[in-house]
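Data first, discussion second: the structure below is written as structure tokens.
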Amino acid sequence: MPGPIIDLSLYDDEQALLEGLRRGDPDACTCFVKRFAPLVYARALRLLGDADDAENVLQTTFIKACAALPEYTGTGSLKSWLYRIASNEGLMLLRQKRPQVGLDAAGELAPDEAELPSTTPWPTDPARSVIEGELRREIARAIAELPAGLREVVVLRDIEQLSTEETAERLGISPGTVKVRLHRARLRLRETLARYIASEASFHRDDA
Amino acid sequence: MTPMEPRERRDCLEIVEQLSEYLDGELNADARTALEAHLRYCPECQTFLASLRQTMHLLHQLGEEPSSLPPALEDRLLHQMQQQLTVRLTQQSSRQTEADDTSSLANDHVESVARSTMPNP
Numbered sequence: 044m045p046g047p048i049i050d051l052s053l054y055d056d057e058q059a060l061l062e063g064l065r066r067g068d069p070d071a072c073t074c075f076v077k078r079f080a081p082l083v084y085a086r087a088l089r090l091l092g093d094a095d096d097a098e099n100v101l102q103t104t105f106i107k108a109c110a111a112l113p114e115y116t117g118t119g120s121l122k123s124w125l126y127r128i129a130s131n132e133g134l135m136l137l138r139q140k141r142p143q144v145g146l147d148a149a150g151e152l153a154p155d156e157a158e159l160p161s162t163t164p165w166p167t168d169p170a171r172s173v174i175e176g177e178l179r180r181e182i183a184r185a186i187a188e189l190p191a192g193l194r195e196v197v198v199l200r201d202i203e204q205l206s207t208e209e210t211a212e213r214l215g216i217s218p219g220t221v222k223v224r225l226h227r228a229r230l231r232l233r234e235t236l237a238r239y240i241a242s243e244a245s246f247h248r249d250d251a
Numbered sequence: 009m010t011p012m013e014p015r016e017r018r019d020c021l022e023i024v025e026q027l028s029e030y031l032d033g034e035l036n037a038d039a040r041t042a043l044e045a046h047l048r049y050c051p052e053c054q055t056f057l058a059s060l061r062q063t064m065h066l067l068h069q070l071g072e073e074p075s076s077l078p079p080a081l082e083d084r085l086l087h088q089m090q091q092q093l094t095v096r097l098t099q100q101s102s103r104q105t106e107a108d109d110t111s112s113l114a115n116d117h118v119e120s121v122a123r124s125t126m127p128n129p
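From first to last, the protein sequence lines are chains A and B. Under the working numbering, residues 44 to 251 are what the first sequence spells out, in order. Under the working numbering, residues 9 to 129 are what the second sequence spells out, in order.
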């Protein structure tokens with residue numbers, strides 16, 4: 044095990060990092076983990092909404108990546124290669140855990156939307172406060188609370204920013220279903236954020 | 009804000025249903041024109057559109073944010089990865105040795121065949 048202090052810039056170049064890993068250099072391995080594991084873990088956590096599941100996916104992703112290194116051809120970035128392995132692993136885990144109900148009929152996931160959602164203007168610009176930990180935690184929590192069928196779509200489309208077609212292909216559902224679920228997921232997240240922002244604003248008003 | 013007529017309310021419900029596709033640029037031209045015409049006279053739908061756009065913006069930002077790993081998790085992963093690399097290297101080197109052995113056996117075989125088929129002097 045290498046010591047905790049190593050020069051992480053040693054392997055800034057991806058090609059050099061790959062060569063280091065193929066040689067079995069422990070420093071390359073440390074750089075690989077330190078640079079990419081937080082990103083992969085964050086994505087897995089968003090997709091699965093559970094820390095233990097995210098850790099499982101993280102470990103499987105790195106083990107698989109490590110085993111596939113000799114064959115890895117290096118087209119595209121290492122990061123997107125790892126993301127792809129991680130989201131495949133994550134989606135597989137979601138499928139195993141999901142109760143056996145048909146989710147492909149888009150209607151089943153439609154919430155009670157006979158009512159027009161609230162259209163109270165947001166009192167603050169949430170984009171400005173995105174770095175505030177509180178709001179970040181609120182969004183993460185709201186995503187984690189979405190039903191898996193909505194969560195996987197919004198994570199792939201809005202966080203990983205895949206296209207509708209790519210998302211449909213990855214999930215094995217039709218582009219139309221992707222669109223319906225994405226809209227449902229966004230509406231729910233919007234409602235949660237609107238409630239949070241409104242309560243924050245009223246808290247600050249009372250405070251003043 | 010004055011309460012909306014039922015007809016307008018129904019329009020708003022239809023509009024809200026199309027807003028994601030509109031923001032994603034996936035709405036066809038006719039539907040887009042109709043939606044934009046509605047938005048021009050409906051402040052509620054304008055507000056709703058703005059908040060949906062902000063929600064999407066926050067989600068995009070969430071994907072680009074630097075993130076950190078719990079230290080204990082990083083240690084476990086590092087340990088596992090180092091073991092994995094060691095195993096892989098050991099396998100590689102034993103495969104290499106096997107390959108060397110095989111090729112030297114093959115050479116021995118060729119030589120012995122050559123010797124046996126050579127006419128005696």
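Virtual Cβ for every residue (Gly too), placed ideally from N, Cα, C.
- Under the three-state reduction of DSSP, A/T210 is assigned to helix.
- Nearest CB-CB separation between B/Q88 and chain A: below the 8 Å threshold.
- For B/G33, no CB of chain A lies under 8 Å from its own CB, so it is not counted at the interface with that chain.
- Cα atoms of A/E208 and A/P218: separation of roughly 6 Å, rounded to the nearest angstrom.
- Listed in chain order, the non-local C-beta contacts of A/A211 below 7 Å within the same chain comprise S217, P218, V221, local neighbours out to five positions each way being set aside.
- Per DSSP, the continuous alpha helix (DSSP H) segment holding A/D96 begins and ends at 94-111.
- For A/E132, the enclosing alpha helix (DSSP H) covers residues 121-140.
- DSSP, reduced to helix, strand and coil, places A/Y115 outside both helices and strands of the structure shown, so it counts as coil.
- Only buried fits A/T104, as 16 or more other CB atoms lie within 10 angstroms of its CB.
- Following the DSSP letters along the chain, one finds B/G71 inside the alpha helix (DSSP H) bounded by residues 51-72.
- Judged by DSSP secondary structure, A/V76 falls within the alpha helix (DSSP H) whose first and last residues are 69-91.
- Contact of B/H68 with chain A is assigned, a C-beta pair being separated by under 8 Å.
- Counting only Cβ-Cβ distances below 9 Å, A/C72 has contacts in chain B at L86, M89, Q90, Q92, L93, in chain order.
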